[in-house]
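Undergrad: Have a look at the structure that comes next, please.
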Ligand SMILES: C[S@@+](CC[C@H](N)C(=O)[O-])C[C@H]1O[C@@H](n2cnc3c(N)ncnc32)[C@H](O)[C@@H]1O
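Numbering (my numbering), first residue to last: 153 to 347.
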């Protein structure tokens, strides 16, 4: 059983998508193929599919994937939900957009594999493809993210670098908290390595 299964079984854990994220993708064209890595219960995948994106969502939580697939089937959305480990995925060149929301924390024990994954996506994604990362803006997380993309040696243009306040309510205790988030979206402008 995956860590998040028990939470997803009883509630819509993370609530609505960030309006700022949806606004960006609403105005963005073309509405291409998007992979949502660690899509959870599909809060972003479902909203983006409703906008016309062709979505693949991967998560280790079968409960989350089943919930997302069930909504997708009911609404006739273009979502393929797969249960699996995002660190084993390897075909980013097949997508126009790679989205990761709340997937990186850069704790000491995970930092290496997380930055290696970002570099792999940066290398594999096609020219003109987007990488969209939503990350808590606490400590040095945002600067580690930006440096990792910069140090990938691939040329990217920054399309969005904005802040938002995410309000989370723990429904069991009623406790509410606010966290500053960064939405960082870059577009690959060249396949060649920069020196
Ligand atoms: C903090 S939640 C974010 C969920 C979703 N991105 C969102 O913003 O609503 C982290 C998610 O990543 C998934 N996850 C963690 N490690 C994973 C891995 N190695 N492969 C696939 N999914 C993973 C968890 O099951 C969980 O659904």
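Just so you know, even glycine gets a beta-carbon here, dropped at the ideal spot from N, CA and C.
Every value quoted in this text rests on a predicted model; they were computed, and no experiment measured them.
For the beta strand (DSSP E) holding residue 295, just list the boundary residues, first then last.
TA: Start at 1 with the first residue of the chain shown, and residue 295 comes out as number 143. Note, residue 295: premise wrong, no beta strand (DSSP E); alpha helix (DSSP H) at 293–302.
Undergrad: Compute the minimum distance between the beta carbon of residue 168 and the heavy atoms of ligand 1, and state whether it is under 7 Å.
TA: Numbered from its first residue, the chain shown carries residue 168 at position 16. No; taking the cut-off as 7 Å, the Cβ of residue 168 has no heavy atom of ligand 1 nearer than that.
Undergrad: By how many angstroms is the C-alpha of residue 333 removed from the C-alpha of residue 232?
TA: In the chain shown, residue 232 corresponds to position 80, counting from 1. In the chain shown, residue 333 corresponds to position 181, counting from 1. Their backbone Cα atoms lie some 27 Å apart in a straight line.
Undergrad: Between which two residues does the alpha helix (DSSP H) harbouring residue 276 extend?
TA: Taking the chain shown and counting its residues from 1, one reaches residue 276 at position 124. It spans 263–276 - the alpha helix (DSSP H) in which residue 276 sits, taken as one unbroken run.
Undergrad: Any heavy atom of ligand 1 closer than 7 Å to the Cβ of residue 249?
TA: Locating residue 249 in the chain shown gives position 97, where the first residue counts as 1. Residue 249 Cβ: outside cutoff for every heavy atom of ligand 1.
Undergrad: Going by the DSSP bridge assignment, what does residue 331 pair with across the sheet?
TA: As a working mapping, residue 331 is identified with position 179 in the chain shown. Paired residue(s): 318.
Undergrad: Under a three-way DSSP split, which group does residue 216 fall into?
TA: Looking up residue 216 in the chain shown gives position 64. If DSSP states are grouped into helix, strand and coil, residue 216 belongs with the helices.
Undergrad: What did DSSP end up calling residue 230 once you bin it into helix, strand or coil?
TA: Locating residue 230 in the chain shown gives position 78, where the first residue counts as 1. Correct three-state label for residue 230: coil.
Undergrad: Cβ atoms of residue 256 and residue 277: under 8 Å apart, would you say?
TA: As a first step, residue 277 must be located in the chain shown, where it is residue number 125. As a first step, residue 256 must be located in the chain shown, where it is residue number 104. Cβ atoms of residue 277 and residue 256: not closer than 8 Å.
Undergrad: Would residue 248 and residue 190 be called neighbours here (beta carbons separated by less than 8 Å)?
TA: If you number the chain shown from 1, residue 248 lands on position 96. If you number the chain shown from 1, residue 190 lands on position 38. No; because the gap between Cβ atoms is not below 8 Å, this pair is not in contact.
Undergrad: Helix, strand or coil, according to DSSP, for residue 307 in the structure here?
TA: Counted from its first residue, the chain shown places residue 307 at position 155. In the structure shown, residue 307 sits in a strand (DSSP, three-state: E or B).
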